[in-house]
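**Student:** Quick mapping for you: the protein sequence lines, in order, are chains A and B.
Per the UniProt record's numbering, residue 1 is the first one in the first sequence, and the count goes up by one each step.
Per the UniProt record's numbering, residue 1 is the first one in the second sequence, and the count goes up by one each step.
Backbone N, C-alpha and C define an ideal beta-carbon position, used for all residues, glycine too.
Here the structure is a predicted model, which is why all the values come from computation and not from measurement.
Attaching a single structure in structure tokens format; questions to follow.
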Amino acid sequence: MNTEILGIIAMFVITLLLALPLGKYIARVYNGDQTLLDPIFNPLERLFFKISGINPYQEWSWQKNMIALLAINFVWFLLGMFILMNMSWLPLNPDHNPSQSAHLAFNTTISFLVNCNLQHYSGESGVSYLGQLYLMFLQFASAATGMAAAVTLFRALRKGTHKTLGNFFNDYLRSCTRILLPLSFIMSILLMFSGTPMTLEGKQQMISLQGDTTQVSTGPVAAFVAIKHLGTNGGGFFGANSAHPLENPTYFTNMLEMIAQMLIPFAMVFAFGYFIQRKKLSWVIFGVMTFGFLALAIPNVIMESQGNPIITQMGINNELGNMEGKEIRIGAPASGYWSIATTVISTGSVNSMHDSFMPLSGMNQLLAMMTNSFFGGVGVGILNYFIFIILAVFISGLMVGRTPEFLGKKIEAREMKIAMIIALLHPFLILAGTAMASSFPLYTASTLNNPGFHGFSEMLYEYTSSAANNGSGFEGLGDNTPWWNISTGFVLIFGRFLPIIGPVAIAGILGAKKYIPESVGTLQTDTATFGFMTLAVIVILAALAFFPVLTLGPIAEFFSIH
Amino acid sequence: MKSQNKSLFQKELVSEALKQSFVKLNPKVMFRNPVMFTVWVGTVIMLAVCIWILTGEKSQGFLSYNFVVFLVLFLTLLFANFAEAIAEARGKAQANSLRKTREETPAKKAEWIEGKLVNKNQTIPSSLLQKGDFFICEAGDIIPTDGEIVEGLATIDESAITGESAPVIRESGGDKSSVTGGTKVLSDKIIVKVTTEPGESFLDKMIALVEGASRQKTPNEIALTILLAGFTLIFIIVCITLKPFSDYANAPITIAAFIALFVCLIPTTIGGLLSAIGIAGMDRALRANVITKSGKAVETAGDIDVLLLDKTGTITIGNRKATHFFPAIGIDEKQFISRAVLSSMADNTPEGKSIIELSGMNPKLLEVHNSQFIKFTAETRSSGINLEDGSKIRKGAADAIKQLHEKTGGVFPQEITRQVEDISRNGGTPLVVYESLLQKSIVLGVIELQDIIKPGIQERFERLRKMGIKTVMVTGDNPLTAKYIAEKAGVDDFIAEAKPEDKMNYIKKEQAAGRLVAMMGDGTNDAPALAQADVGVAMNSGTQAAKEAGNMVDLDNDPTKLIEIVEIGKQLLMTRGTLTTFSIANDVAKYFAIIPALFIAAIPALQALNIMQLQSPESAILSAIIFNAIIIPLLIPLALKGVAYKPIGASALLRRNLFIYGLGGIIIPFIGIKLIDILVSQFI
């Protein structure tokens, strides 16, 4: 078999093999069980909690946990605005990079805070090392936010009735100290040995093969790139993200980064099963997510490997596939695979230019973000998927003649209302944002890289990426303008916090309800049939909401080149 | 009364429903249903567009095309209204036929005169009877309204209500004191107290529910309405944002196309049929001769986890019968039998009669003089006879007789103890007969009484088990007997030696574990349990208290009716679920019809998306909305009859319904729209 394809299969299988024990470990962490890292971090955590006056053993309601989540995120936002707008005079700025404008700082802080990392700037020239270090911190903080929110949901869905769902700050801190930090540590070391820089010194001068003298940006890249993937953040140290030779030097680091970004989203699904003691359910969820992922990834690998038919017609050798905007050390198939991994998972880091993909590959990337629930971002992926479970449970419950219930809790009008609002929100943000952008060509037309269908896709991609908190872009778009910074900034906030609060609220309401034991008449949710039902709901909802808009973008583009 | 309405669409009902379909176009009425209300708004806009074109506007295409779009939308509204109206009309007709019999029946009103209730030859129409009034009925009278017998006993023909021709006995006091309006007194005379205000009987309440005035949405209906409203909102967003997108792509869209796309996408099929499904559920209950006090009760019935059933009359036929005589060692069988017969002579219970029947003796031939009959009491738990010579014959429960026997110094024979245990273990009830004379007593033998399990009941319980419902038998029998019958009948659990509060406790216990409980009852002492149960079905023959406490009344007094009620509840939910799936699945084909039609002029490459090869953009749009309209009346029969429930397990049922209504919902409109397009293109 083609080695490139083998490489892809290896990436998937290794991720799965690592995710299984990690899932079990994550469940242990949130259960409060002992871990090997206790001797190192327990005293540290006690100190933090003592200073901040928080009793980590006091359990809170879902409402209080969510208030804590919003409060801590707001603090990080203010701090981020301050640092990014004052970088020029703050320390750790050897390259003398300027401070960011208010609207760019707003967009940057928000997008790192919400795990999106849209990056309307280039890392080499747009931020100081202090800025980079703070953004790196936000990558931990945002991943931990998602994980702690997911755990609040896990706690609500255990057997029995639950009014209090753990302590947010405790889960938040433990996510960092027991999961993200140790994994990032290992990964950074591996990256450093592969050639990724790790320094606080400024630009380095070197002489290129042609004999020119050039200034090469470096910095604390290895540490940054590790959490960028493990936390499914995707914010690159350099502007070119993981296509940059120092950020992703070899095929090995490409595999490493690929595995790292999918690892925790996989593991969270298994952690869910271990935590609520329904392993079969987590396998069904994993199955559906994998199916959705592969249904998008496999066509992309094929389409990118085949290349552009117009180039073939011109008589140019197209054997390497569609190589425009791709790195030769990575190749077309691995880039195609990555392009879907990074979009289903809301990482948004790129190792190739998504703008240059084949039309339908671009559509698949869009679809991956439009569904936003095949694995999804750290923690939040399973929250998004939960909304679809609720909708699927409701419809299929009716179809078998029983008031719908999930894990022994009845789904009633209130939960449906929240689920419907959250399900509506995503298409609303994407369509309304794109509609505004296409209604005001005054602000947007000059920023587009291409006219026609592809330019339309660029706008659509930008809002889809924002609403899905993904962060990748059709990089043709010149997006550092007040229009894009502010409009996507708000889409980011809504697309992040409402889809966290909504599912947690539903789970919280369900958790407080009476537990109904299962009977033969109960619809089992850990079966392939129900998995198929959830998949159908996800696919149908995405198709219904986005078919017209995709027709005018990638589909029209596809038919016009075939 | 049963199965009168063979056809779904009777002539007079249809004409009434047609009238109502127009009346319901009132926006205030339409507003109750968000999905159809948006269609209403779309129709009004299309009317405005037609007028706009008449005033000379050129950008919206031909008037004829726009007018046809308007017409089809208008028909969509009428079809949806018709679905609701026909369901209402059927329900009303059913309820009316029950009510008709009792209106304007002459009532002999009784007044208190010198402490007695007397009728002074005063006859008034039943509609003037107030709650608390009294009336008198004699043989041949039709009972004017619902009430409770305060004096007397009568045989009553209830066939007008139940369809059962055998007359029943109703008497004052006890659990069979209730009479229903419209039934006929065959013999004797009763004085009845009116228990309902005119216009407030259960039937009146049910008619009001069906008519919609007081019909409240059930919890599941509300949740489903939210889901449908959500889908409608998504499509509002999709259609509104399509305007800037199409402008950007230089592919202008006409108003007619916008509205056609919107109406096709929103779930009009289920939106139009939703209330019809709910009404049809209550109507189906009524057809099964069950009056429900709310739509919610029917819906809850579908969720029932535990079913409490009385043994007698439900699981077993009526009462126990004597099946064997077992004389004690040393006792002549004939002597034993004659003693048994003597002890049962005054025993009017069915058990007592069955003993005489089994003996084949005529008790009158036994010469008995100056004897004294001893009635059964709960304390002695035995009955019998004291003969002239001073000998006392008693028959009763083994331990009661044992006590009596041992009091006189006798030793209870071992083989009798063994026999008693054997009978109990086999589900029988042992009655021990003994005789005492002076200070000596002797145990004569044991009579075995057996329950007879109703034929076919095992299959019904098996069906319930497959539905996931646990059946519980309630009986006054001892645990051994109860266990035997429970096993033989196939029930999952039993409450033996049950007292009324045991039922209550059992219900509370199950509810505390999160289960929904249904029970059936008739007596006043059942009332608290009926109220506590999630679905409480009172028998029509039961007391007023029981009927007030339950949330359904079964006119047939048939204890196995609960099984039907559960199925009706499940059907109700399933019909909603499957039609929702069907409605949403239809959108796939409609997209493939309309989206290419919208953009083909500006982006010819999109012809490749026109996979149905529809003739022209206009014919494609018309075909889609025509399909969308006519699918509603085509599905009315399904909405009224309900989707068939099969107890094959939840997952299998989901697969089956997903296959039929999900996959079917995707494929059918492709075929339908293509066929309509072939027809429509003949006229364009």
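(1) Excluding the 5 residues flanking T403 (chain A) on each side, which residues of the same chain have their C-beta closer than 7 Å to its C-beta?
(2) Quick check: is the beta carbon of Q524 (chain A) nearer than 8 Å to any beta carbon in chain B?
(3) Give the DSSP-derived three-state secondary structure of Q204 (chain A) in the structure shown.
(4) Alpha carbons only, please: which of A:F74, A:F193 and A:A143 is nearest the one belonging to L256 (chain A)?
(5) Between which two residues does the beta strand (DSSP E) containing H324 (chain B) stretch?
(6) Anything in the region 346-377 of chain A with a Cβ closer than 7 Å to a Cβ of chain B? List those residues in chain order, please.
(7) Taking the C-alpha atoms as reference points, what is the distance between L36 (chain A) and I179 (chain A)?
(8) Is D492 (chain B) close to chain A? Criterion is C-beta to C-beta, closer than 8 Å.
(9) DSSP three-state label for Y515 (chain A), please.
(10) Determine the contact status of G321 (chain A) and A332 (chain A), defining contact as a CB-CB distance below 8 Å.
(11) Just how far apart, CA to CA, sit V539 (chain A) and M420 (chain A)?
(12) For A149 (chain A), is the classification buried or exposed, using 16 other Cβ atoms within 10 angstroms of its Cβ as the cut-off for buried?
(13) Would you tell me roughly how many angstroms separate the C-alpha atoms of A213 (chain B) and E221 (chain B), rounded to the nearest one?
(14) Note down, in chain order, every chain B residue with its Cβ under 7 Å from the Cβ of F547 (chain A).
(15) How big is the Cα-Cα spacing for T560 (chain B) and G147 (chain B)?
(16) Against A297 (chain B), what residues of chain A qualify as contacts under a CB-to-CB distance less than 8 Å, listed in chain order?
(17) Please report whether the beta-carbon of T471 (chain B) lies at a distance below 8 Å from any beta-carbon of chain A.
(18) Give a yes or no on contact between the region 361-370 of chain A and the region 481-491 of chain A, applying the rule of three or more CB pairs nearer than 8 Å.
(19) What do you get for I310 (chain A), buried or exposed, if any count of 16 or more other CB atoms within 10 angstroms of its CB means buried?
(20) Could you have a look at K440 (chain B) and say whether DSSP puts it in helix, strand or coil?
(21) Using a Cβ-Cβ cut-off of 7 Å (strictly less than) and excluding sequence neighbours within five positions of F559 (chain A), which residues of its own chain qualify?
(22) Any contact between the region 569-579 of chain B and the region 299-317 of chain B? By contact I mean 3 or more CB pairs, one from each, below 8 Å.
(23) Flag this pair as yes or no: are the beta carbons of P350 (chain B) and G445 (chain B) separated by less than 8 Å?
(24) Counting only beta-carbon atoms, is G506 (chain B) nearer than 8 Å to chain A?
(25) How would you call A62 (chain A), buried or exposed, if buried means at least 16 neighbouring beta carbons within 10 angstroms?
(26) Chain A beta carbons: is any one of them nearer than 8 Å to that of V238 (chain B)?
(27) Could you run through the region 443-477 of chain B and flag, in chain order, every residue whose CB is less than 8 Å away from some CB of chain A?
(28) When you compare the CB positions of L186 (chain B) and I156 (chain B), do they come within less than 8 Å of one another, or not?
(29) Quick check: what's the CA-CA separation for A83 (chain B) versus I423 (chain B)?
(30) For E357 (chain B), report the span of its alpha helix (DSSP H) as first-last.
(31) List, from N- to C-terminal side, the alpha helix (DSSP H) runs of 4 residues or more that fit wholly inside the region 250-291 of chain B.
(32) Where DSSP assigns a beta bridge to S383 (chain B), which residues make up the other side?
(33) Should K28 (chain B) be flagged as near chain A, meaning a C-beta pair shorter than 8 Å?
(34) I'd like to know if Q571 (chain B) contacts chain A, where contact means its C-beta is closer than 8 Å to some C-beta of that chain.
(35) Please report the distance separating the alpha-carbon of E4 (chain A) from that of T343 (chain A).
(36) What does S465 (chain A) reach in chain B if we use C-beta pairs closer than 8 Å?
**Tutor:** For this structure:
(1) Locating residue 403 (chain A) in the first sequence gives position 403, counting from the first residue. Once the five neighbours on either side are set aside, the close Cβ partners of T403 (chain A) are G397 and K410.
(2) As a first step, residue 524 (chain A) must be located in the first sequence, where it is residue number 524. It does; some Cβ of chain B falls within 8 Å.
(3) Mapped onto the first sequence, residue 204 (chain A) falls at position 204. Looking at Q204 (chain A) - three-state DSSP - the assignment turns out to be strand.
(4) Residue numbering aside, residue 256 (chain A) sits at position 256 when the first sequence is read from its first letter. The residue with the shortest Cα to Cα distance from L256 (chain A) is A:F193.
(5) Taking the second sequence and counting its residues from 1, one reaches residue 324 (chain B) at position 324. Where H324 (chain B) is concerned, the enclosing beta strand (DSSP E) stretches over K321 to P327.
(6) none
(7) Residue numbering aside, residue 36 (chain A) sits at position 36 when the first sequence is read from its first letter. Residue numbering aside, residue 179 (chain A) sits at position 179 when the first sequence is read from its first letter. Cα to Cα, L36 (chain A) sits roughly 12 Å from I179 (chain A).
(8) For this step, residue 492 (chain B) is matched to residue 492 along the second sequence. Not closer than 8 Å to any Cβ of chain A, the Cβ of D492 (chain B) fails to qualify, so no.
(9) Against the first sequence, residue 515 (chain A) aligns to sequence position 515. Three-state DSSP puts Y515 (chain A) in coil, outside helix and strand.
(10) Locating residue 321 (chain A) in the first sequence gives position 321, where the first residue counts as 1. Locating residue 332 (chain A) in the first sequence gives position 332, where the first residue counts as 1. Against a cut-off of 8 Å, the Cβ pair of A332 (chain A) and G321 (chain A) comes out as a contact.
(11) Locating residue 539 (chain A) in the first sequence gives position 539, counting from the first residue. Locating residue 420 (chain A) in the first sequence gives position 420, counting from the first residue. For V539 (chain A) and M420 (chain A), the distance between alpha carbons rounds to 16 Å.
(12) Taking the first residue of the first sequence as position 1, residue 149 (chain A) is located at position 149. The residue is buried, with at least 16 neighbouring Cβ atoms inside 10 Å.
(13) Here residue 213 (chain B) refers to the residue found at position 213 when the second sequence is read from its first residue. Here residue 221 (chain B) refers to the residue found at position 221 when the second sequence is read from its first residue. For A213 (chain B), the predicted structure reports a pLDDT of 48, less than 50, and the residue's modelled location is therefore unreliable. A value from the coordinates is still provided. Linking A213 (chain B) to E221 (chain B) through their CA atoms gives a straight-line distance of about 17 Å.
(14) Translated into the one-based positions of the first sequence, residue 547 (chain A) becomes position 547. In chain order: Y591 and I595.
(15) The residue given as residue 560 (chain B) occupies position 560 in the second sequence. The residue given as residue 147 (chain B) occupies position 147 in the second sequence. Rounded to the nearest angstrom, the two C-alpha atoms are 25 Å apart.
(16) In the second sequence, the residue the question calls residue 297 (chain B) occupies position 297. Those within 8 Å of A297 (chain B) in chain A number zero; the least Cβ separation is about 13 Å.
(17) Along the second sequence, read from residue 1 onward, the residue named residue 471 (chain B) stands at position 471. By this cut-off, T471 (chain B) is not an interface position.
(18) Touching, no.
(19) The residue labelled residue 310 (chain A) in the question sits at position 310 within the first sequence. By the 10 Å Cβ count, I310 (chain A) comes out exposed.
(20) Position 440 of the second sequence, counted from the start, is the residue given in the question as residue 440 (chain B). Here K440 (chain B) sits in strand by DSSP.
(21) In the first sequence, counting from the first residue as 1, residue 559 (chain A) sits at position 559. Non-local C-beta neighbours of F559 (chain A) in its own chain, meaning closer than 7 Å and more than five positions away in sequence, are absent.
(22) Yes: at least three Cβ pairs fall under 8 Å.
(23) Along the second sequence, read from residue 1 onward, the residue named residue 350 (chain B) stands at position 350. Along the second sequence, read from residue 1 onward, the residue named residue 445 (chain B) stands at position 445. No, the Cβ-Cβ distance between P350 (chain B) and G445 (chain B) is not below 8 Å.
(24) If you number the second sequence from 1, residue 506 (chain B) lands on position 506. Residue identity check: residue 506 (chain B) is Tyr in the sequence provided, not Gly. Taking Cβ atoms only, chain A never reaches closer than 8 Å to Y506 (chain B), which makes this a no.
(25) As a working mapping, residue 62 (chain A) is identified with position 62 in the first sequence. Sequence check: residue 62 (chain A) is Trp here, not Ala. Buried, because 16 or more other Cβ atoms sit within 10 Å of the Cβ of W62 (chain A).
(26) Residue numbering aside, residue 238 (chain B) sits at position 238 when the second sequence is read from its first letter. So, interface residue.
(27) Across the region 443-477 of chain B, CB contacts with chain A closer than 8 Å involve R465, K466, M467, G468, I469 and K470, in sequence order along the chain.
(28) For the purposes of this step, residue 186 (chain B) is identified with residue 186 of the second sequence, where counting begins at 1. For the purposes of this step, residue 156 (chain B) is identified with residue 156 of the second sequence, where counting begins at 1. Judged by their CB atoms, L186 (chain B) and I156 (chain B) are nearer to each other than the 8 Å cut-off.
(29) Working through the second sequence from its first residue, we reach residue 83 (chain B) at position 83. Working through the second sequence from its first residue, we reach residue 423 (chain B) at position 423. Those two C-alpha atoms are separated by around 59 Å.
(30) Residue mapping note: residue 357 (chain B) aligns to position 357 of the second sequence, counting from 1. Note, E357 (chain B): alpha helix (DSSP H), P350 to S359.
(31) With a minimum length of 4 residues, the continuous alpha helix (DSSP H) runs that stay inside the region 250-291 of chain B are 255-265 and 268-287.
(32) Position 383 of the second sequence, counted from the first residue, corresponds to residue 383 (chain B). Answer is B:K395, bridged to S383 (chain B).
(33) In the second sequence, counting from the first residue as 1, residue 28 (chain B) sits at position 28. Output row for K28 (chain B): interface = no.
(34) For this step, residue 571 (chain B) is matched to residue 571 along the second sequence. It does: the Cβ of Q571 (chain B) has a partner Cβ on chain A nearer than 8 Å.
(35) For the purposes of this step, residue 4 (chain A) is taken as residue 4 along the first sequence, with counting starting at 1. For the purposes of this step, residue 343 (chain A) is taken as residue 343 along the first sequence, with counting starting at 1. Cα to Cα, the separation comes out at about 21 Å.
(36) Working through the first sequence from its first residue, we reach residue 465 (chain A) at position 465. Per Cβ cutoff of 8 Å: no residues; S465 (chain A) is ~17 Å from chain B at best.
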